[in-house]
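Remarks on the structure that follows.
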Amino acid sequence: MRKFTFSLIAIYLLVGFVWLVAGSWLIRKVNVQIPGFNLQYVYNLKDMLFLVVSITSIALITQNRYRRLLLKEKELNGQLVKHEQKMHKLLQDYQYVNEATNDCIWDYDIAKDELKWVSGYDEMFGYQDGTVVKDTFWRMPRVHPHDREQTIELFRNVLTSGDRRWAAEYRYLCHDGNYKYVADRGYLILNDALEPVRMLGAMQDIHEVTTYRQQLESQNAQLKEIAWLNSHEVRRPLCNITAVIPMVKESIGDPASLLELITILEISACELDQTIHKVNAQTQTLD
0 MRKFTFSLIA
10 IYLLVGFVWL
20 VAGSWLIRKV
30 NVQIPGFNLQ
40 YVYNLKDMLF
50 LVVSITSIAL
60 ITQNRYRRLL
70 LKEKELNGQL
80 VKHEQKMHKL
90 LQDYQYVNEA
100 TNDCIWDYDI
110 AKDELKWVSG
120 YDEMFGYQDG
130 TVVKDTFWRM
140 PRVHPHDREQ
150 TIELFRNVLT
160 SGDRRWAAEY
170 RYLCHDGNYK
180 YVADRGYLIL
190 NDALEPVRML
200 GAMQDIHEVT
210 TYRQQLESQN
220 AQLKEIAWLN
230 SHEVRRPLCN
240 ITAVIPMVKE
250 SIGDPASLLE
260 LITILEISAC
270 ELDQTIHKVN
280 AQTQTLD
């Protein structure tokens, strides 16, 4: 996009140079052919025509760039809608697939502080099924450090809240050293005195759907930011250009005012080009 700005400036300088040389040459010719001709009037007319042609050219070029940018904005908005639809379908498909997924079942004896991995522990995490672990449940050493405190607090609340069902999502350490996102759901068993004695849980592997959802959310956030740039940052310099054009028509006879207006147009064109460059840079990160 910087090439656009440099090209615009180069064309403007080239046309101005040609206009200056050719105009001066023609005026000298007229002066030779028509002695006593009012040269000051001709010079003023030449300068005024140059300003009008310059402003009109910049306005037309900028309008063309804006139309192309609107097409880009429409394309980006379409991508945003497709990403949101894709996320919705993915989550819906997961609900259906989840019914046929093998869970990792665990049984925790509260009084003995003894946790038994009943089934699915090997398939999901790579540890041996039937493993019994004592005195570590409330430390949860294999829960991700960033999720551990919140998960421990959730299970403590289960014992005191009176709610016998729970659901939690966190990351669990696999045998290969990687963490996997899981959805843990369970049921609290009470004795005759209504005291909690056991917890039964079923862990589901949601790693793929969770990481993919995070990627989609990140892309959606980028697309929304790009759409915001298009709808706010682009329109500001465009509004300046649109507001200046009528003023140009009213200032035809005032070269000083025309120079100020063309300066405003140049600044607005540079701002528009910078915004387009920023949008393109962010678009490339979506791949």
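Read in numbering that gives the first Met the number 0, the sequence shown has 160 at position 161, and its numbers run on one by one without any break.
By construction, the Cβ of each residue, glycine as well, lies at the ideal position given by its N, Cα and C atoms.
Residue i: which of the options sits nearest, CA to CA?
i      : options                        : result
Met123 : Ser256, Gly185, Asn177, Asp106 : Asn177
Thr159 : Pro144, Trp105, Leu193         : Leu193
Gly161 : Tyr186, Met139, Arg170         : Tyr186
Asp112 : His145, Gln127, Asn101, Val131 : Val131
Gln203 : Arg147, Leu153, Gly119, Leu258 : Gly119
Thr135 : Leu258, Leu153, Ile109         : Ile109
Leu189 : Cys103, Thr61, Tyr107          : Tyr107
His143 : Arg170, Gln149, Glu152         : Arg170
Val157 : Trp116, Leu68, Pro195, Thr274  : Pro195
Asp102 : Leu199, Leu68, Leu70           : Leu199
Ala370 : Val80, Arg67, Gln62, Thr55     : The chain is shown from 0 up to 286; residue 370 falls before or after that span and cannot be answered.
Identify, in the order they occur along the chain, each residue of the same chain with its Cβ nearer than 8 Å to the Cβ of residue i, setting aside the five sequence neighbours on each side.
i      : result
Lys205 : Reading off the sequence, residue 205 comes out as Ile, not Lys. Cβ within range, chain order: Tyr93, Glu168, Tyr180, Val181, Ala182.
Met139 : Arg147, Thr150, Ile151
Arg164 : Arg184, Gly185, Tyr186, Leu187
Just to confirm before moving on: does the CB-CB distance between residue i and residue j stay below 8 Å?
i      : j      : result
Leu172 : Arg197 : no
Leu215 : Leu75  : no
Trp116 : Asp128 : yes
Using C-beta distances below 6 Å, list every residue in its chain close to residue i, excluding the 5 sequence neighbours before and after it, in chain order.
i      : result
Arg184 : Ala166, Ala201
Glu98  : Residue confidence is low: Glu98 scores 48 on pLDDT, short of 50, so the model does not pin down where it sits. No coordinate-derived value is stated.
Lys277 : none
Thr262 : none
Glu207 : none
Mind checking which residues open and close the beta strand (DSSP E) that includes residue i?
i      : result
Asp146 : Taken as a continuous stretch (DSSP letters only), Asp146 belongs to no beta strand (DSSP E), being part of the alpha helix (DSSP H) at 144-160.
Met335 : Shown here, the chain extends from 0 to 286; a query on residue 335 therefore has no answer.
Tyr126 : Careful: Tyr126 lies outside any beta strand (DSSP E) and carries neither H nor E.
Lys133 : 131-133
Lys179 : 178-189
Ala167 : 164-172
Asp108 : 103-108
Lys111 : Note, Lys111: premise wrong, no beta strand (DSSP E); not H, not E.
For residue i, collect the residues of the same chain with a Cβ closer than 7 Å to its Cβ; drop the 5 residues on either side in sequence, then sort them by chain order.
i      : result
Thr209 : Tyr180
Asp175 : Gly125
Met86  : Summary for Met86: the model assigns pLDDT 46, below 50, so the residue's position carries little reliability, and this model does not support an answer.
Asp121 : Gln127, Asp128
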